[in-house]
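Just below is one structure, and these are the notes that go with it.
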Ligand code: GDP
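Numbering (our numbering), first residue to last: 14 to 456.
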């Protein structure tokens, strides 16, 4: 998981501040020294770190913070706000042209994930009832065109191609014309990258930009390359002019430096992040949510959105009621396991819960396919009464259930323990959701 080291260190510093009834200027300075080191270690650009620390210090040692009733919390609030600001403040949305089609030109070095991201973006737009057209203008990397065509087939999105012998400028131009003719409201042009920035590539990209006048020029960069990603972004921006950045491979164990420095160094907002190889692994980038995630304050909003996308509305309402009234049973648990699996890797989901890093029992909360089958068998071997009131399941009942389901008593124990853990997690989740709702309503 990205940011792991940074998140752990920042959370430890914040935890120490939170516990203090009184915070002195020296405490803040000490905390900022640690934050500074943590950021540098996470490969954040050193100039960015310096400015950031100065801003936080300036605000945090002010009287209204130190003299407040909860000085520790106030300092954390300042850090959270400044981190959000560092990553761009507000979410930067994809531009939409009032004269369709909206043309999006994808640029980037080879291997950054440009073709994959083009496909992901097509899927993202289709999900919002748009009709994107993919244009295969990467005539340089062998198999890039075929890769885009395969993605297009998978996503049921048309791909415009003239093969790899044609001039990419002509492909782009004709692609846009084709989109107009066939009423596509978005065009995503996958251009050619190189292993390194070179003049031929830049000239080609400039020529395409001149010809098709894109509404967006999105640079795709690999977050795993750290400060290199930031340097690449700076070069592209100077030479070509960018409207936004897509940071890929944020699912890997990148230290996070690129995500935190790109906007500050280039002034280009991060618009999306890639969270995996699959076509649904693209998320719009929200600076405030990312800051909360890094500080261990959770990202309940993204979690809720994922849940909404994966779970059918009827079931979600039912579940919400059960969570609220704490009438969640083992049968629901089974149903839920199956639904939750549709949302993505469970570990990633848990990482979005506030304070998840500190909840020890969640560390053991892993579900694999075989275990799901076992869980199902165990639950099916219980009586109705047992499913509704698992607390009555004593030693002899455990033995009977294990025998009936072809599992062991340990398996039954493990399941009951997991169920209890999940209930605890839900309690926390439901109170967070309530808080989020209140916040939305403004009180
Ligand atoms: P291009 O040369 O820039 O077009 O790169 P590709 O789209 O072919 O991607 C290069 C590799 O990166 C492929 O193996 C992709 O599956 C992988 N990739 C792209 N985006 C992501 C991401 O967000 N996460 C992970 N883990 N892999 C990614």
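Heads up, the beta-carbon is just placed ideally off N, CA and C, and yes, glycines get one too.
In this structure, does DSSP put residue i in helix, strand or coil?
i: residue 150; result: strand
i: residue 297; result: strand
i: residue 180; result: coil
i: residue 260; result: strand
i: residue 34; result: coil
i: residue 338; result: helix
i: residue 229; result: strand
i: residue 392; result: helix
i: residue 25; result: helix
i: residue 16; result: coil
i: residue 9; result: This structure cannot speak to residue 9, because the chain is shown only from 14 to 456.
i: residue 132; result: helix
i: residue 365; result: coil
i: residue 113; result: coil
i: residue 456; result: Only weak support is given to the placement of residue 456: the predicted model assigns it a pLDDT of 44, under 50, and the value that follows is read from those uncertain coordinates. Note: residue 456 maps to coil in three-state DSSP.
i: residue 439; result: helix
i: residue 214; result: helix
i: residue 310; result: coil
Please classify residue i: is it buried, with 16 or more other beta-carbons within 10 angstroms of its beta-carbon, or exposed?
i: residue 457; result: With the chain running from 14 to 456 in the structure shown, residue 457 is simply not present.
i: residue 142; result: exposed
i: residue 338; result: exposed
i: residue 386; result: exposed
i: residue 155; result: exposed
i: residue 169; result: exposed
i: residue 37; result: exposed
i: residue 254; result: exposed
i: residue 60; result: exposed
i: residue 217; result: buried
i: residue 204; result: buried
Identify which residue in the options has its Cα closest to the Cα of residue i.
i: residue 256; options: 17, 142, 108, 101; result: 108
i: residue 45; options: 55, 23, 33; result: 23
i: residue 153; options: 181, 161, 134; result: 181
i: residue 423; options: 117, 384, 319, 393; result: 384
i: residue 282; options: 173, 393, 233; result: 233
i: residue 19; options: 272, 79, 132; result: 272
i: residue 116; options: 288, 70, 47, 228; result: 228
i: residue 236; options: 391, 124, 401; result: 124
i: residue 196; options: 294, 207, 155, 145; result: 145
i: residue 48; options: 79, 84, 89; result: 89
i: residue 260; options: 331, 254, 245, 251; result: 245
i: residue 110; options: 226, 174, 184; result: 226
i: residue 84; options: 73, 215, 93; result: 73
i: residue 430; options: 403, 295, 413, 412; result: 403
i: residue 17; options: 304, 35, 203; result: 304
If you follow the beta strand (DSSP E) that residue i is in, where does it begin and where does it stop?
i: residue 85; result: No beta strand (DSSP E) contains residue 85, which is instead part of the alpha helix (DSSP H) from 84–99.
i: residue 108; result: Note, residue 108: premise wrong, no beta strand (DSSP E); not H, not E.
i: residue 287; result: 283–287
What residue does the alpha helix (DSSP H) around residue i start on, and which one ends it?
i: residue 204; result: Counting along the chain, residue 204 falls outside any alpha helix (DSSP H), though it belongs to the beta strand (DSSP E) covering 199–204.
i: residue 43; result: 38–54
i: residue 59; result: 59–73
i: residue 241; result: 240–252
i: residue 414; result: 408–418
i: residue 125; result: From DSSP, residue 125 is part of no alpha helix (DSSP H); its letter is neither H nor E.
i: residue 279; result: 270–279
i: residue 459; result: There is no way to answer for residue 459, as the model of the chain reaches only from 14 to 456.
i: residue 165; result: 157–168
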